[in-house]
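Chains as they are written, first to last, in my numbering: chain A, 1 to 357; chain B, 358 to 714.
Glycine is no exception: its CB is placed at the ideal position from the N, C-alpha and C atoms.
All remarks here apply to the structure that follows.
2 protein chains.
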Amino acid sequence: MGAAFRLLPIPSADPTVAQAARAYQLELTKPARSLGRLEDLAVAYSASRGTLPSARPARRALALFAGDHGVAAEGVSAYPSSVTAAMMANVMAGGAAVSVLARRTGVEIIAVDVGVADALEAVPSSPVVPLRRAKIRTGTDNFRHRPAMSRAEAEAALAVGATIADELHAGGCELAGVGEIGIANTTSAAALVCVFAEARPEDVCGRGTGIDDAGLARKIAVVGDALGRHAPRRDDPLGALAAVGGLELAAMTGFLLRAAAHRLPVVLDGFLANAAALAACAFAPTVVDHLIASHLSAERGARIALERLGLPPLLSLDLRLGEGTGALLAMELVDAAVALQCEMATFASAGVAKKLD
Amino acid sequence: MGAAFRLLPIPSADPTVAQAARAYQLELTKPARSLGRLEDLAVAYSASRGTLPSARPARRALALFAGDHGVAAEGVSAYPSSVTAAMMANVMAGGAAVSVLARRTGVEIIAVDVGVADALEAVPSSPVVPLRRAKIRTGTDNFRHRPAMSRAEAEAALAVGATIADELHAGGCELAGVGEIGIANTTSAAALVCVFAEARPEDVCGRGTGIDDAGLARKIAVVGDALGRHAPRRDDPLGALAAVGGLELAAMTGFLLRAAAHRLPVVLDGFLANAAALAACAFAPTVVDHLIASHLSAERGARIALERLGLPPLLSLDLRLGEGTGALLAMELVDAAVALQCEMATFASAGVAKKLD
Chain A
1 MGAAFRLLPI PSADPTVAQA ARAYQLELTK PARSLGRLED LAVAYSASRG
51 TLPSARPARR ALALFAGDHG VAAEGVSAYP SSVTAAMMAN VMAGGAAVSV
101 LARRTGVEII AVDVGVADAL EAVPSSPVVP LRRAKIRTGT DNFRHRPAMS
151 RAEAEAALAV GATIADELHA GGCELAGVGE IGIANTTSAA ALVCVFAEAR
201 PEDVCGRGTG IDDAGLARKI AVVGDALGRH APRRDDPLGA LAAVGGLELA
251 AMTGFLLRAA AHRLPVVLDG FLANAAALAA CAFAPTVVDH LIASHLSAER
301 GARIALERLG LPPLLSLDLR LGEGTGALLA MELVDAAVAL QCEMATFASA
351 GVAKKLD
Chain B
358 MGAAFRLLPI PSADPTVAQA ARAYQLELTK PARSLGRLED LAVAYSASRG
408 TLPSARPARR ALALFAGDHG VAAEGVSAYP SSVTAAMMAN VMAGGAAVSV
458 LARRTGVEII AVDVGVADAL EAVPSSPVVP LRRAKIRTGT DNFRHRPAMS
508 RAEAEAALAV GATIADELHA GGCELAGVGE IGIANTTSAA ALVCVFAEAR
558 PEDVCGRGTG IDDAGLARKI AVVGDALGRH APRRDDPLGA LAAVGGLELA
608 AMTGFLLRAA AHRLPVVLDG FLANAAALAA CAFAPTVVDH LIASHLSAER
658 GARIALERLG LPPLLSLDLR LGEGTGALLA MELVDAAVAL QCEMATFASA
708 GVAKKLD
């Protein structure tokens, strides 16, 4: 079943570092505040790290968690569950969207099978993308009728995510992203957002991979049924993850909690990562100080989730693919923001006049 | 004075290629339309090129035009004109924001002095960033009282821009950006936007590098005076550029016109590039098929300019630095979009089920 999960203390953003970063931004050869949100990003990154970075993030990695969902049996996705395994194989072979984006920017992908239904025996670990085999079970149960998993299984999934964060931190990773693969997982994420953002299924459920009106109505009904049956509570995040979560969603939650404990800033992908972030904040609110929202997903509930998190998205490109694609795009902006803070000349060093008079 | 400018025929976006790109996007291993605006970008890029690209843009370059403005004497900028030359030196030394962003993504900068007041004798051409010395005159006249330059000078500036586009095209550049450096040039750009977007100075003038309320009031008055004095016309773009334009703005306009003639897609930086794009479209409306708006600048008139162009910005990060910084950030998105179209596996090649049933 795997190790128990330990919730380590999570520091807040460092206000002294934030202030120093803000002050240093005013020394750089540009009009004050002319880099807008890139300045905010560099300041937030610095405050999360707890120190002014001296260089761009040395190592950047995307943790990509995969799992299957028993609730797929309810006809809530446009794709069959077998696509989860096929997409993992596609990631290993370098043909997935996330593969292309990671390759062009030199970000490592750590692909983690935490609960894919298929054994993935035919999927070799690639020299470029390691496949971490950490399967807790072959997909969740259909949470319309039964809890998705046991509390012990949810805890084991948290521990898988935490281990990945530990390893990245130990390996010198200074900027992470988090994404997922899992057919039907927007249904699980919608249920979690209902719990943690206190929202209604009809305001949170979206079309996921592209279901029609009837599919959307089924999805809303399924989420409503599950919330009624299990009565998951905001003050029991482990119970909520067990009841209506997913193995990859719980692993993402554990990843976020442990990354934050290490002061490792994490760029969230879309709706699924938003849901995991809400779960993580229910365990420990200071997690949010170490999170960056990449984009506003086209999935309906994303806005509610991000508003509850208080994280403004950097991009709004109508993405709804998942896999960490949005996270990778936004990691470029974070990297650029930190590079600007670290590498730009100052007015003093460049001999540029600071203002008129 | 430089060569005369020739307006070459400018092709439209190729509708057959656009259709083929849209169809191919549906074959890629992702839910239909799940890459949102990145799909639109790849399709627009393909249609501009007139062919489905087989690989990411091989060579990417940012054309950075610099010039000074006589209207700076009216107190419309927070910085003295000497900062234009100092910032060019900063770009050559690698300490400017644009230098940092270009370095981290491997985009070349072509810096062009088309009208800096300083001789730039102390600024060496760097091995990394060539300094193109194409000065037409040492800054413009103060257009509150006199035309900024003669029609012949404006035409020579157009020709400088066109020559840079010719060279990039001949050198295999497949994606360009355009930016500028020039103290007080948002005043000139505001005047041009008033002409080409038929807007009022008070709706277009912004705070530029950070002027106070009194400075903004002066700027609005100066633009109003200039429009009254010179009566620049939308159907005489050369005359408008001569009356209230700038040397770098005219060069950017020539660059856009010639790049479009070569089917070389150009990512616009902020408000200045938006103004040049409006001028270019007044010469030849099909230019717009080859333009990509990087971001919505924080400068007040940017929204009006982009709406008139009909170009939705990709980013909205409250940038107002110029130098091509926004263009470089968005060139990453274009590059990513094209890479995704070229490198993702198809459902057939990856053996992934396309839909349920």
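Rounded to whole angstroms, what is the Cα-Cα separation between residue i and residue j?
{"i": "A633/B", "j": "L515/B", "result": "11 Å"}
{"i": "Y24/A", "j": "G581/B", "result": "38 Å"}
{"i": "G452/B", "j": "A350/A", "result": "8 Å"}
{"i": "L62/A", "j": "V83/A", "result": "21 Å"}
{"i": "A240/A", "j": "P232/A", "result": "5 Å"}
{"i": "G106/A", "j": "I220/A", "result": "39 Å"}
{"i": "Y45/A", "j": "R59/A", "result": "15 Å"}
{"i": "H169/A", "j": "A162/A", "result": "10 Å"}
{"i": "A339/A", "j": "R151/A", "result": "42 Å"}
{"i": "R132/A", "j": "V112/A", "result": "5 Å"}
{"i": "M358/B", "j": "E605/B", "result": "Any reading at M358/B must be qualified, since the residue scores a pLDDT of 47, below 50, and its modelled position is unreliable; the value itself is stated next. Using only the alpha carbons, I get a separation of about 15 Å."}
{"i": "A446/B", "j": "H69/A", "result": "58 Å"}
{"i": "R363/B", "j": "M449/B", "result": "30 Å"}
{"i": "A684/B", "j": "A650/B", "result": "8 Å"}
{"i": "A360/B", "j": "N631/B", "result": "25 Å"}
{"i": "G36/A", "j": "L674/B", "result": "6 Å"}
{"i": "L257/A", "j": "R234/A", "result": "16 Å"}
{"i": "L584/B", "j": "A554/B", "result": "13 Å"}
{"i": "G679/B", "j": "L629/B", "result": "8 Å"}
{"i": "P11/A", "j": "I521/B", "result": "52 Å"}
{"i": "A647/B", "j": "V535/B", "result": "For the sequence presented, residue 647/B should be read as His rather than Ala. Approximately 13 Å, taken between the alpha carbons."}
{"i": "L421/B", "j": "N542/B", "result": "14 Å"}
{"i": "S188/A", "j": "F283/A", "result": "18 Å"}
{"i": "A86/A", "j": "C638/B", "result": "47 Å"}
{"i": "D714/B", "j": "A705/B", "result": "A caution first: D714/B carries a pLDDT of 46, below 50, which makes its placement in the model too unreliable to give a value."}
Can you tell me whether residue i is buried or exposed, with buried defined as 16 or more other CB within 10 angstroms of its CB?
{"i": "D213/A", "result": "exposed"}
{"i": "S34/A", "result": "buried"}
{"i": "E510/B", "result": "buried"}
{"i": "P147/A", "result": "buried"}
{"i": "P53/A", "result": "buried"}
{"i": "R320/A", "result": "buried"}
{"i": "P285/A", "result": "exposed"}
{"i": "P414/B", "result": "buried"}
{"i": "A710/B", "result": "exposed"}
For residue i, go through chain A and note every residue whose CB falls closer than 7 Å to its CB, in chain order.
{"i": "K387/B", "result": "A97, L321"}
{"i": "S439/B", "result": "A353"}
{"i": "E700/B", "result": "V100"}
{"i": "N447/B", "result": "T29, A345, A350, V352"}
Please tell me whether residue i and residue j are closer than 9 Å, where the distance is taken between their beta carbons.
{"i": "L26/A", "j": "A20/A", "result": "no"}
{"i": "D626/B", "j": "E537/B", "result": "yes"}
{"i": "R550/B", "j": "I661/B", "result": "The sequence shown places Val at residue 550/B, not Arg. Yes; because the gap between Cβ atoms is below 9 Å, this pair is in contact."}
{"i": "V98/A", "j": "G245/A", "result": "no"}
{"i": "V374/B", "j": "A404/B", "result": "yes"}
{"i": "V579/B", "j": "E431/B", "result": "yes"}
{"i": "L278/A", "j": "L309/A", "result": "yes"}
{"i": "V624/B", "j": "F612/B", "result": "no"}
{"i": "L175/A", "j": "L264/A", "result": "yes"}
{"i": "A600/B", "j": "H587/B", "result": "yes"}
{"i": "A66/A", "j": "G115/A", "result": "yes"}
{"i": "I110/A", "j": "E167/A", "result": "yes"}
Which chain B residues are close to residue i, counting only those with a beta carbon under 8 Å from its beta carbon?
{"i": "G36/A", "result": "A655, L674, D675, L676, R677"}
{"i": "L340/A", "result": "A454, V457, L458"}
At a CB-CB cut-off below 8 Å, which residues of chain A make contact with residue i?
{"i": "M444/B", "result": "T29, V352"}
{"i": "A636/B", "result": "The premise fails here: A636/B is roughly 24 Å from chain A at the closest Cβ pair, so nothing lies under 8 Å."}
{"i": "A450/B", "result": "A345, A350"}
Identify the contact partners of residue i in chain A, using a Cβ-Cβ distance below 9 Å as the criterion.
{"i": "D692/B", "result": "R104"}
{"i": "L686/B", "result": "L38, E332, L333, A336"}
{"i": "A479/B", "result": "Result: empty, since nearest Cβ-Cβ is about 11 Å, beyond 9 Å."}
Run through chain B and tell me which residues come within less than 7 Å of residue i, C-beta to C-beta.
{"i": "G210/A", "result": "P388, A389"}
{"i": "E332/A", "result": "E689"}
Between residue i and chain E, is the shortest Cβ-Cβ distance under 9 Å, so that the two count as touching?
{"i": "T520/B", "result": "Given the protein chain composition of this structure (A and B), no chain E is represented."}
Under 8 Å: does the beta carbon of residue i sit that close to some heavy atom of the ligand SAM?
{"i": "G451/B", "result": "Summarising the ligand content, the structure contains no ligands, and the ligand SAM is consequently not present."}
**Message:** For the structure I just gave you, are there three or more beta carbon pairs, one from the segment 653-668 of chain B and one from the segment 559-574 of chain B, closer than 8 Å?
**Reply:** Short answer: they touch.
**Message:** Does the contact criterion of 3 or more C-beta pairs under 8 Å hold for the segment 430-440 of chain B versus the segment 476-483 of chain B?
**Reply:** At 8 Å Cβ cutoff, the stretches do not touch.
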